[in-house]
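Read through the structure below, which is laid out as structure tokens, and then see the notes.
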Amino acid sequence: MEDNYNGDDDQNKGVFSVCTESQSDERDVVGEEELEQEVLKRRISGHPLYGLLMENHINCLKVGLGENIGEIGVTGTEKDKLKATAIPTSSDLDQFMEAYCDALNKLKEAMEDPIKETTSFITDMYAQLEDLSASKNTTLTRTPQLEELHARPHLTDYADEN
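For the sequence shown, the positions run 252 to 413 when my numbering is used.
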């Protein structure tokens with residue numbers, strides 16, 4: 252079998268040079284993408300509607316998880332930092348932020364409706380059970396689960412609205 256290597260390192264250097272250039276180009280592209288993402292993150296976090304967007308997002312979480320999810324969100328000092336580093340906004344970003352805030356509000360409302368209906372149903376059933384038990388001169392025993400249900404502010408608040 253014949254060996255094709257002729258000892259010419261110039262040919263190998265050319266291949267090596269092309270490989271390292273393409274790797275360098277790939278790193279440049281990745282670096283540019285990361286830089287663009289970082290700039291976009293700063294533009295979003297510095298946008299005037301960012302605080303409202305975060306508040307709407309937290310409100311959606313509260314509907315889904317209840318009021319007892321703890322204190323989450325951006326603290327006052329973090330808000331001040333964001334305002335201090337605010338970057339001028341573009342109309343595309345303005346439209347996106349407005350649309351996202353609207354979508355979060357609609358999501359919150361859509362999540363609240365079944366909870367309101369369920370709470371109303373449970374409250375009505377409980378009232379009917381109390382009426383039935385009162386007519387038989389017996390008292391309805393409240394279970395720990397029922398007490399917990401009535402103790403939840405987000406459920407009893409919705410029941411009072413109906």
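Backbone N, C-alpha and C fix where the C-beta goes; we use that ideal spot for every residue, glycine too.
Can you give me the start and stop residues for the alpha helix (DSSP H) that Leu304 sits inside? Here residue 304 is taken as the residue at index 53 of the sequence shown, counted from 1. First-last of the alpha helix (DSSP H) with Leu304: 301-316.
Please state if the CB of Lys359 and the CB of Cys311 are separated by a distance shorter than 9 Å. Along the sequence shown, one-based indexing puts residue 311 at 60. Along the sequence shown, one-based indexing puts residue 359 at 108. Yes.
Compute the beta-carbon to beta-carbon distance between Met348 and Leu300, rounded to the nearest angstrom, for a pair I have assumed lies under 8 Å. Locating residue 348 in the sequence shown gives position 97, where the first residue counts as 1. Locating residue 300 in the sequence shown gives position 49, where the first residue counts as 1. Contact holds; Cβ gap of about 4 Å.
Below 9 Å between beta carbons: does that hold for His308 and Leu355? Numbered from 1 along the sequence shown, position 57 holds the residue referred to as residue 308. Numbered from 1 along the sequence shown, position 104 holds the residue referred to as residue 355. Yes, the Cβ-Cβ distance between His308 and Leu355 is below 9 Å.
Coil, strand or helix - Gly282 by DSSP: Along the sequence shown, one-based indexing puts residue 282 at 31. In this structure, Gly282 counts as helix in the three-state DSSP scheme.
Per DSSP, what kind of secondary structure is Ser296 in: helix, strand or coil? Here residue 296 refers to the residue found at position 45 when the sequence shown is read from its first residue. Here Ser296 sits in helix by DSSP.
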